[in-house]
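Going down the list, the sequences are from chains W and C.
Residue 1 is where the first sequence starts when you use our numbering, and the numbers rise one by one after that.
Residue 280 is where the second sequence starts when you use our numbering, and the numbers rise one by one after that.
For reference, the structure discussed in these notes is given below.
Number of protein chains: 2
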Amino acid sequence: MGEPMANRLISAGFALTVWNRSPHKTAALLEQGAHTAPSARAAVVHADVVITMLSNGPAVSELLEMGGVADALKPGTLFVDMSSVPPHSARAHASFLQARGISALDAPVSGGVVGACEGSLAIMVGGDETAFLRAAPIFAALGRATRVGPAGSGALAKLANQMIVGITIGAVAEALLLAQAGGADPAAVRAAIRGGFAESRVLELHGARMLARNFTPGAQATTQLKDMNSALQAAHEAGLQLPLLQQTHDLFLALTEHGGAGLDHSALLVELERLNGLQ
Amino acid sequence: MGEPMANRLISAGFALTVWNRSPHKTAALLEQGAHTAPSARAAVVHADVVITMLSNGPAVSELLEMGGVADALKPGTLFVDMSSVPPHSARAHASFLQARGISALDAPVSGGVVGACEGSLAIMVGGDETAFLRAAPIFAALGRATRVGPAGSGALAKLANQMIVGITIGAVAEALLLAQAGGADPAAVRAAIRGGFAESRVLELHGARMLARNFTPGAQATTQLKDMNSALQAAHEAGLQLPLLQQTHDLFLALTEHGGAGLDHSALLVELERLNGLQ
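Quick look at the structure:
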């Protein structure tokens with residue numbers, strides 16, 4: 001995700017210094033006009049705005065603390081974490097930085113590599129309004145940004161997005177399974193209900209994958225499970241019971257335990273088939 | 280639903296004889312050029328094609344048997360039941376009629392009164408291909424028809440549609456509840472995730488109702504519960520466990536038990552709030 005997003009920023013005229021743990025991953029960006037740096041610390045030391053796009057919360061914490069990035073940031077820098085991290089991590093990073101005079105936004109995205117290349121990402125932003133306005137020209141080069149609340153809210157919105165996706169995958173899988181088991185043609189049933197109240201991007205995209213039994217990821221079941229876990233943790237912190245989230249989490253957990261971790265998340269259908277002795 | 284559908288058929292040039300238990304309901308159709316009949320039996324006795332649009336399976340059974348409609352149909356008549364009935368009722372009606380030389384289709388619709396007026400209903404059709412082709416010019420005046428399998432399959436497809444709608448309502452309600460409890464602005468979260476992988480007609484329509492707390496039906500929770508019950512029964516007949524369907528059924532049951540039977544089905548949010556002590 002980082003590379004196409006950086007490309008969009010270069011094309012929009014921003015001066016970029018890039019760093020990646022694996023230096024070959026930045027080679028193409030140097031040709032596009034980015035500067036490079038020998039360390040994360042060196043990359044951020046003169047920056048007005050720092051953007052991170054890492055694999056999870058601990059990776060961001062490690063970079064900030066062990067990697068010396070927090071110490072290297074000059075006061076007044078804006079730190080924008082576009083990684084998908086749990087809300088409690090996003091809040092912890094924001095407090096840690098704010099104590100050093102650094103503004104922070106959590107701004108995870110949805111839309112995948114295609115959205116990153118097109119500059120059509122949905123960007124869910126948590127943090128204060130001033131920082132959001134400061135980041136607006138950057139976000140405009142990457143997609144459609146919406147401020148959804150204080151620090152941690154962007155991360156929470158991403159989880160809300162992921163839980164709707166996961167539960168809707170379960171809904172479509174159960175419906176197609178019932179159609180087939182009851183003697184209807186599941187492909188025809190899906191075609192018949194497209195465009196009505198049951199319509200969704202999941203019915204369109206993941207429904208097509210289920211019918212084709214194309215479970216090459218896409219988004220892996222193990223990533224969906226990680227998001228369902230984070231959502232459950234956020235619900236627990238907020239004192240909430242969310243029964244459909246819990247049930248869908250349990251199904252994704254069973255899918256990964258039964259060898260489906262690396263399959264696309266639409267393979268929840270396979271777990272429902274196994275549960276019903278249809279495998 | 281029956282009246283706007285009959286209007287579409289008259290406009291398309293079909294000669295119509297109409298009957299309703301409450302005669303005043305057919306008055307406007309007579310002005311449009313429909314004929315009327317003093318009984319259901321009298322309405323069908325000369326018909327080539329008979330269409331029923333009734334409230335449930337028992338109403339169709341009663342009309343066919345006690346109402347004398349089955350006895351009055353001439354052999355070779357095509358019987359099209361567009362009511363929403365359980366698959367086992369649709370199959371029973373089809374066998375009962377087939378034994379008398381009558382072809383039958385189960386052809387429930389989705390799209391509501393608006394879809395009926397516009398002729399844009401989704402029509403899910405179970406029955407044999409010959410009967411489907413015979414009904415095609417009629418369906419074309421009413422919406423988009425898809426044959427999904429043998430007798431009972433149309434009814435099953437309608438249940439598949441309804442279970443996706445019900446579970447997706449639960450997904451959106453849980454996500455908005457988590458967003459709010461976690462300190463984000465749920466309206467902004469919904470706006471941020473619109474158009475991405477979480478997008479659905481439910482996020483658009485029912486999500487807007489939840490945020491506005493507008494639970495005037497629309498489609499009543501009690502009707503959604505009836506559909507979830509029928510889907511569970513169909514799953515049971517097919518030997519299937521469908522955990523998200525079961526969980527969502529239980530939530531709609533609790534909603535109706537707690538006074539929400541007459542609210543819109545998007546009021547599942549209210550039941551989730553109650554479950555979490557937020558009412």
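Ideal Cβ positions, reconstructed from N, Cα and C, are used throughout, including at glycine.
Members of the stretch 247-278 of chain W that neighbour chain C once the beta carbon cut-off is set at 9 Å: Here the close residues are Q247, T248, D250, L251, L272, L275, N276, G277, L278.
From the DSSP output, read off the bridge partner residues of L384/C. Assignment of beta-bridge partners to L384/C by DSSP yields V359/C.
Mapping DSSP to helix, strand and coil, what is A424/C? Strand, per DSSP.
Taking just the CA atoms, how far does T52/W sit from L105/W? Cα-Cα distance, rounded: 11 Å.
Taking the Cβ atom as the reference point for each residue, do A546/C and F494/C lie within a distance shorter than 8 Å? Contact flag set, yes.
Please decide whether A98/W counts as near chain C, where near means a Cβ-Cβ distance under 8 Å. Per the sequence presented here, residue 98/W reads as Gln, with Ala not at that position. It does not: the Cβ of Q98/W has no partner Cβ on chain C nearer than 8 Å.
Assign L534/C to one of two classes, buried (16 or more other C-beta atoms within 10 Å of its C-beta) or exposed (fewer than that). Classification of L534/C: buried, given that the 10 Å Cβ count is 16 or more.
Own chain partners of P283/C with C-beta closer than 7 Å, once the 5 adjacent residues on each side are dropped: These residues qualify, in order along the chain: V392, A395, C396.
Does the CB of T222/W have a neighbour CB from chain C at under 8 Å? Chain C contact via Cβ: absent.
Could you tell me which whole alpha helix (DSSP H) segments of length 4 or greater appear in the stretch 463-492 of chain C? Runs of the alpha helix (DSSP H) lying entirely within the stretch 463-492 of chain C and spanning at least 4 residues, in chain order: 465-472, 480-491.
Report yes or no: is there a C-beta of chain D within less than 8 Å of the C-beta of A179/W? Among the protein chains in the structure shown, which are W and C, there is no chain D.
What do you reckon, are the CB atoms on M124/W and A471/C nearer than 8 Å? A contact, by the Cβ cut-off of 8 Å.
If you compare alpha carbons, which of R426/C, E408/C, S389/C, L456/C is closest to M442/C? Considering only alpha carbons, the answer is S389/C.
Checking contacts by CB at 8 Å: is G195/W closer than that to chain C? Yes, its Cβ sits closer than 8 Å to a Cβ of chain C.
What does a CB cutoff of less than 6 Å around A514/C pick up in its chain, not counting 5 residues either side in sequence? Residues of the same chain with a CB within less than 6 Å of the CB of A514/C, apart from the 5 flanking positions on each side, are L521 in chain order.
Could you check if A28/W is buried or exposed, using at least 16 other CB atoms within 10 Å of its CB as the buried criterion? With fewer than 16 other Cβ atoms within 10 Å, it is exposed.
Between L519/C and chain W, is there a C-beta pair that is closer than 8 Å? So yes, L519/C belongs to the interface.
What is the DSSP secondary structure of A122/W, counted as helix, strand or coil? Correct three-state label for A122/W: strand.
Extent of the continuous alpha helix (DSSP H) to which V444/C belongs: Unbroken alpha helix (DSSP H) run through V444/C: 432-460.
Take S479/C and list the residues in its own chain whose beta-carbon comes closer than 6 Å to its own, dropping the five residues that flank it on each side. T447.
In chain order, what residues of the same chain lie with their CB nearer than 6 Å to the CB of L269/W, ignoring the 5 residues before and after it? Cβ contact annotation for L269/W (same chain, cutoff 6 Å, sequence separation greater than five): A173, M210, in chain order.
If you pair each beta-carbon of the stretch 340-358 of chain C with each one of the stretch 312-327 of chain C, do three or more pairs fall below 8 Å? Segments in contact, yes.
Can you check whether the CB of G422/C is closer than 8 Å to the CB of L438/C? For L438/C and G422/C, no; Cβs fall outside 8 Å.
Quick one: using the 10 Å Cβ neighbour count with 16 as the cut-off for buried, is S83/W buried or exposed? Buried, since its Cβ has 16 or more Cβ neighbours within 10 Å.
Check whether the stretch 182-197 of chain W touches the stretch 216-224 of chain W, counting contact only when three or more Cβ pairs, one atom from each stretch, lie closer than 8 Å. Judged by Cβ distances under 8 Å, the stretch 182-197 of chain W makes no contact with the stretch 216-224 of chain W, as fewer than three pairs qualify.
Residues that T447/C contacts on chain W, provided the C-beta gap is smaller than 7 Å: Result: T168, A171, S200.
Verify whether the separation of the beta carbon atoms of A436/C and V444/C is less than 8 Å. Inclusion of A436/C and V444/C in the CB contact set at 8 Å is not warranted, their separation being larger than that value.
Around the C-beta of E550/C, are 16 or more other C-beta atoms found within 10 angstroms, so that it is buried, or is it exposed? Here E550/C is buried. Its C-beta has 16 or more other C-beta atoms within 10 Å.
Say whether chain W places a C-beta atom closer than 8 Å to the C-beta of R426/C. Yes, contact with chain W.
Closer than 7 Å by C-beta to R553/C: which residues in its own chain qualify, once you throw out the five before and the five after it? Chain order, please. Excluding sequence neighbours, R553/C sits near H537.
Please report whether the beta-carbon of I164/W lies at a distance below 8 Å from any beta-carbon of chain C. Using a CB distance cut-off of 8 Å, I164/W counts as an interface residue toward chain C.
Simplified DSSP assignment, three categories, for D128/W: Under the three-state reduction of DSSP, D128/W is assigned to coil, being neither helix nor strand.
Pick from E31/W, H206/W, A231/W: whose alpha carbon is nearest that of L263/W? Considering only alpha carbons, the answer is H206/W.
Just to confirm, are G154/W and A107/W a CB contact at a threshold of 8 Å? Cβ atoms of G154/W and A107/W: closer than 8 Å.
Can you tell me the Cα-Cα spacing of Q246/W and L203/W, whole angstroms? Near 21 Å, if we compare the C-alpha coordinates of L203/W and Q246/W.
Do V359/C and V328/C have their CB atoms nearer than 8 Å? Taking 8 Å as the Cβ cut-off, V359/C and V328/C qualify as a contacting pair.
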